[in-house]
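Numbering (mature numbering (1 follows the signal peptide of the UniProt record, and there is no 0)), first residue to last: -19 to -1, 1 to 460. What follows is a single structure, written as structure tokens, with notes after it.
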Ligand SMILES: [Zn+2]
Ligand SMILES: [Zn+2]
């Protein structure tokens, strides 16, 4: 095709998207579109990949379900919705308004809990989610398998699944991973905004050390133990989630995994070059492995001018992923309750049907395409992960632990980190050490050190982390 013809079709596609969004950025569908989307949602209800409601319950309500009635319209709650720290979007009323049939509830602990109380917090959140589902049995249905999802859909309830967001929740321990599976967790996001001792997080894809959350590239992707973790996730039947990981981690994990992987909440890096989005070379692998990218709605990942985002910005990411990975490799992962800013007319789960209506009105998405997007694809991926697990039945559980010293006394966390930093210093490049001192700096309040550098924000150092071997502030390959 000639360049002029290609340009014509690109402009046509952009015009189509723009024409469905009003000049003020709002969206209102045609009446006939509503009927089509009702049918789509009946055939294939939304199963969303990522929601941080549990974190809000921890922070705002101390995990106390008596403080907030999740079955009510929470925009009318006296403080839940208007709390100064509130980034709350989800309740059963709004989920039902968009025909939700399933939700992966995120089990998230901050990176500051790494090597500290991440496992404790993870367990508390799992307990919270189990109590939530038990409290609303007429609306929510606990799900840990494809069969459970289908059952929930048949009953007209919301299949409630769990995904653990951040590899630091397993403390580099296969035993903990397997117990999280036993408790019902069905995906593990390999990293959050910190590196783990075996994987690099996405902030390490940034080139400028003064970028927010900048991380050193410590492992150049996954370590040998990290690769073994992919095998173990395949063996037990837990999905590998690559949202939040670095590009190298993504590539190595997809190539290693015997089952399709997921991105529970991400967009396209070619549309907006944020490190949380998926680069094209990875999207090609998503396609060839039948994996899935579940679209994120967080304005900060959609475009640079994130104060003025609309549904058209989400559509731009959707169109690109569709172009490279194909419509069979897409889903929805809104990130509600975990973000502070969302596109106009997509501010909460009740408005997700706007996105479906807008996609339909562009004329480039068929009913069949949209049914794949809402849940058919994620159900296929989940079933495939179970199939791979069943095919690996004969394999033994992994037992090799990372060589982390164990301490019984109350100072064990600090001791552990100091020992690791010292060991890493001897190894030269393995650990990155915070610049500015002759001995490794450990923040005893947060327990964080240069091993997993996050500088500036938690008081460890006002200067970027630096490799111990060559002084690089970019990566630890020292090349
Ligand atoms: Zn989250
Ligand atoms: Zn996230």
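Where a beta carbon is used, it is the ideal one built from N, C-alpha and C, also for glycine. A quick note: this is a predicted structure, and the numbers were derived from the prediction, not measured.
Residues bridged to residue i (per DSSP)
i, result
"residue 166", "143"
"residue 250", "Answer is none; residue 250 lacks a bridge partner."
"residue 273", "243"
"residue 83", "28, 140"
"residue 312", "275"
"residue 123", "141"
"residue 89", "146"
"residue 325", "291"
"residue 129", "Bridge partners of residue 129: none, in fact."
"residue 6", "Answer is none; residue 6 lacks a bridge partner."
"residue 203", "180"
Best match in the options for proximity to residue i [C-alpha to C-alpha]
i, options, result
"residue 114", "235, 138, 234, 210", "138"
"residue 234", "251, 191, 179, 196", "179"
"residue 78", "331, 279, 280, 148", "331"
"residue 323", "362, 99, 282", "282"
"residue 302", "174, 193, 248, 313", "248"
"residue 33", "352, 6, 314", "314"
"residue 367", "255, 99, 226, 220", "220"
"residue 288", "239, 321, 63, 61", "321"
"residue 231", "218, 200, 253", "200"
"residue 146", "346, 300, 36, 60", "36"
"residue 226", "187, 241, 205", "187"
"residue 267", "278, 293, 254, 224", "224"
"residue 28", "57, 361, 67", "361"
"residue 319", "69, 11, 286, 54", "69"
"residue 347", "308, 271, 184", "308"
"residue 205", "196, 381, 13, 86", "381"
"residue 374", "343, 213, 286", "213"
"residue 183", "190, 191, 198", "198"
Close beta carbons around residue i, own chain, < 6 angstroms, minus the five adjacent residues each side
i, result
"residue 261", "251, 305"
"residue 153", "178, 383"
"residue -1", "none"
"residue 239", "215, 369"
"residue 92", "173, 174, 175"
"residue 355", "25, 27"
"residue 8", "2, 292, 326, 335, 339"
CB-CB length for residue i against residue j, believed under 8 angstroms
i, j, result
"residue 334", "residue 22", "7 angstroms"
"residue 275", "residue 243", "7 angstroms"
"residue 169", "residue 202", "Their Cβ separation, rounded to whole angstroms, is 16 angstroms, which puts residue 169 and residue 202 out of contact at 8 angstroms."
"residue 222", "residue 171", "7 angstroms"
"residue 293", "residue 2", "5 angstroms"
"residue 358", "residue 312", "5 angstroms"
Beta-carbon contacts of residue i that lie in its chain and below 7 angstroms, excluding the five residues immediately before and after
i, result
"residue 419", "Low confidence applies to residue 419: its pLDDT is 24, below 50, so where it sits in the model is not reliable enough to give any reading."
"residue 351", "21, 337, 340, 341"
"residue 426", "Bear in mind that the predicted position of residue 426 carries a pLDDT of just 36, short of 50, making it too unreliable to give a figure here."
"residue 46", "112, 113, 116"
"residue 157", "100, 151"
"residue 73", "51, 52, 117, 120"
"residue 284", "253, 290, 294"
"residue 328", "70"
"residue 211", "221, 234, 237, 238"
Close-in-space but distant-in-sequence residues of the same chain around residue i (CB under 8 angstroms, 5 per side omitted)
i, result
"residue 107", "88, 143, 161, 164, 165, 166"
"residue 461", "Here the chain has residues from -19 to 460 only, and residue 461 is not among them."
"residue 76", "84, 139, 330, 331"
"residue 136", "122"
Short CB-CB distance (under 9 angstroms) between residue i and chain D
i, result
"residue 230", "The structure shown contains no chain D, having only a single protein chain."
Legend entry - Closer than 6 angstroms: residues whose CB approaches a heavy atom of ligand 1: 31, 33, 87, 89, 146, 319
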